[in-house]
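Protein chains in written order, with the numbering used here: chain A, 4 to 248; chain B, 4 to 248.
First comes the structure, then the notes that go with it.
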DNA sequence: TATGACGTTCCGTGGGACGGAACATCGATC
DNA sequence: GATCGATGTTCCGTCCCACGGAACGTCATA
């Protein structure tokens, strides 16, 4: 394993919180000798990729800066933000934008007001495709091949309400394909629910948008049209800003 | 120079746009032999830190994910977002949150609506402290030592309106210290202006908040109180969420 | 004082990073 | 189609420096 791979392993070991982690923690997580970990952490600190603090190491600002300019996510975000705003104002509920990576959703942007509920999602964080509204929207429009791959594996469960039954999942994916809307009720987090809609660029589903509320005040009929409108707006904005090559 | 340093140099060379860059571009920017650049790019691609595309390399999603969970920026962002929202709704103008790094401001979050003007700022991007509203707010409350260091160097200029006169800068910093507000008119970008206010945690200025508008409709009297209220709200939220160690 | 957990320094060894040279692959120009 | 320049890629011998075990320093707690 090269020096680079090891360093990457070390940075990755800070997930999902970003730290703080002690030398011993990092060393254990990466299964690297203490000495090696120590040296690499020192070098990474030199570069600003990690910061030393009294209580251990945390990921550093330089990483934040680099991460912020990653083109794919940045373009999507820039195009989506104004519409996410509209959606927030129309609903006053937490708004998420996410993309797919493998069998996970990766959250790209999150908007919430003062009363926003505590959700397990964080920007840059991952959750299983099948446990979230955005995930189901992304999956439904990702093509048969991926759907079959997901159905071929045991479904992950985050709460007692997470879908683990294949036919129920298939059913909800078909419904999403037909209506352009995916629902989720307490499948990712007890007490919260959401409606999600896919976002397209050049006919390909590249992201999904959702609105989450406490289950107690979940009003799909009110939220669904707003989500759909916003998602459509983003799709149009993407088409406008990125001329086909 | 170690392998790690070189790789970092390569990633850094993608600033400020994130790419796409061709092998030859990267090699030239880093002053590294073509061969070495080629090998390192291949390894970075393997890790997901960069993506290969037909027209060159771009920074990859893995970097985005890591950058998103950097604790310092994330905490600040989480605390600030609801208040930035309020500010946007009260003013309907582009809202910025930034921190200081050395003699630059680094933008941490940006909120804008459909009609938001094209600004040179981007999240994760840098601008000189003295050319921006947030920069002046950060500088004014960063301590005498830093102020003197800045005054001791030639002031950078982005537009014909950028402040290059030491006494004028000093004056505006004193004014910021007294009023808790910093102004900027066409000093970073022709045609735009802003008002900024500092954000404190444990009595230390850790960030600054601003509202930017086209100079034509710039109404400091209307914007200033809103910015100040929002900045104060963030300071309080930070104090609430992070118990003093 | 003994004991353990943790971070740090030291240093001999061996693997792999290094980069020059040569090759491959394209367009452009004549 | 021959020549050229610019680009990306492969090859491989040299040599350096990354590696990690061992030993040490420094705190806590028993």
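Heads up, the beta-carbon is just placed ideally off N, CA and C, and yes, glycines get one too.
Considering only beta carbons, the part of the segment 126-138 of chain B lying closer than 7 Å to chain A consists of 126, 127, in chain order. Between the C-alpha atoms of residue 125(B) and residue 171(A) there is a straight-line separation of about 43 Å.
For residue 146(B), the number of other beta carbons within 10 angstroms of its own is below 16, and it is reported as exposed.
With distances taken between CA atoms, residue 18(A) lies nearest to 66(B) out of 56(B), 130(B), 66(B). Rounded to the nearest angstrom, the Cβ distance from residue 199(B) to residue 111(B) is 13 Å, too far for a contact under 8 Å. Counting only runs that start and end inside the segment 31-78 of chain B, the alpha helix (DSSP H) elements of at least 4 residues fall at 37-50, 64-71. In the DSSP assignment, residue 129(B) is bridged to 109(B). Separation of the CB atoms of residue 62(A) and residue 69(B) is rounded to 7 Å, and the pair is thereby assigned contact status at 8 Å.
For the pair residue 220(A) and residue 196(A), the Cα-to-Cα distance works out to about 9 Å. Contacts with chain B (Cβ-Cβ distance below 8 Å) from the segment 8-39 of chain A involve 8, 10, 11, 14, 15, 17, 18, 19, 20, 21, 22, 23, listed in chain order. Under the Cβ distance rule, residue 63(A) counts among the residues neighbouring chain B, one pair being separated by less than 9 Å. Between residue 167(B) and the set 177(B), 155(B), 12(B), the nearest pair of CA atoms involves 155(B).
Residue ranges of uninterrupted beta strand (DSSP E) with 3 or more members, entirely inside the segment 200-229 of chain B and ordered along the chain, are 207-217.
Between residue 86(A) and residue 240(A), the CB-CB gap stays under 9 Å. Per the C-alpha coordinates, the member of 56(A), 84(A), 90(A), 72(A) positioned closest to residue 227(A) is 90(A). Annotated as proximal: residue 141(B) and residue 201(B), with beta-carbon spacing under 9 Å.
In this structure residue 51(A) is not in contact with residue 42(A), their Cβ atoms being roughly 17 Å apart against a cut-off of 8 Å.
Between residue 160(A) and residue 134(A), the C-beta spacing is below 9 Å.
Looking only at 22(A), 56(A), 122(A), the smallest Cα-Cα distance to residue 113(A) is reached by 122(A). Taken through DSSP and simplified to helix, strand or coil, residue 190(A) comes out as coil.
The alpha-carbon of residue 162(B) is positioned some 35 Å away from that of residue 72(B). At a C-beta separation below 8 Å, residue 203(A) has no neighbours in chain B, since its nearest C-beta there lies roughly 19 Å away. Annotated three-state conformation of residue 162(B) is coil, per DSSP. With fewer than 16 other Cβ atoms from the protein chains shown falling within 10 Å of its own Cβ, residue 45(A) counts as exposed. Of the other Cβ atoms in all chains shown, fewer than 16 fall within 10 Å of the Cβ of residue 182(A); this residue is therefore exposed.
Within chain B, the residues placing a beta-carbon under 8 Å from that of residue 88(A) are 91, 114, 116, ordered along the chain. The beta carbons of residue 80(A) and residue 100(A) sit closer together than 9 Å. Ranking 49(A), 231(A), 24(A) by CA distance to the CA of residue 203(A) puts 231(A) first. The Cβ atoms of residue 106(A) and residue 152(A) lie closer than 9 Å to each other. Using beta-carbon distances, residue 52(B) counts as an interface residue toward chain A, with a partner under 9 Å. Residues of chain B whose Cβ lies closer than 8 Å to the Cβ of residue 73(A) are, in chain order, 21, 61, 62, 63, 64, 66, 67, 70. Residue 76(A) counts as buried, since at least 16 other C-beta atoms from the protein chains shown sit within 10 angstroms of its C-beta. Here residue 88(B) is buried: its Cβ has 16 or more other Cβ atoms, across all protein chains shown, within 10 Å. Not flagged as an interface residue toward chain A: residue 239(B), since no C-beta distance is shorter than 9 Å. Distance from residue 143(B) to residue 179(B) at the Cβ level is roughly 4 Å; contact confirmed, criterion being Cβ atoms closer than 8 Å. CA-to-CA, the gap between residue 139(A) and residue 173(A) works out to about 10 Å.
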